[in-house]
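Peer 1: This structure is in structure tokens; I'll ask about it shortly.
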Amino acid sequence: MIANPNGMDEALAGEIRAELARRKIQVKKLAAQIGMSREVLSNRVNGSVPFTAAELTKVANTIGISPVVLMQRAEQAAQDAKQQVA
């Protein structure tokens with residue numbers, strides 16, 4: 102498990118940003134699809150506020166990726182970042 106939960110939150114936000122970019126999905130459009138304001142979703146996607154489990158599941162399902170896959174990618178990214186700092 103990741104020792105720094107903030108690192109994991111940041112990594113998860115980064116993975117979601119990357120997936121949105123790969124799929125050419127705008128935050129504004131995704132926010133409308135999941136019934137969240139653009140501002141609230143932007144705060145999560147930018148890493149200012151962590152995603153709740155329910156929000157992560159809703160975002161992942163809407164963009165067509167497993168929330169588990171996003172979490173696995175984020176965990177790997179957080180571990181990689183931690184190793185680079187060490």
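Under the numbering used here, the letters of the sequence shown match residues 102 to 187, in that order.
Note that beta-carbon positions come from the ideal geometry of N, C-alpha and C, so glycine has one too.
If we call anything under 8 angstroms between Cβ atoms a contact, is residue 153 one with residue 131?
Peer 2: Result no, Cβ atoms of residue 153 and residue 131 do not sit closer than 8 angstroms.
Peer 1: Is it right to say residue 113 is buried, meaning 16 or more other beta carbons lie within 10 angstroms of its own, or is it exposed?
Peer 2: Classification for residue 113: buried.
Peer 1: Got a sec, what are the start and stop residues for the alpha helix (DSSP H) residue 151 sits in?
Peer 2: No alpha helix (DSSP H) holds residue 151; DSSP gives it neither H nor E.
Peer 1: Determine whether the Cβ of residue 128 lies closer than 8 angstroms to any Cβ atom of chain D.
Peer 2: Absent from the structure: chain D. Only one protein chain is present.
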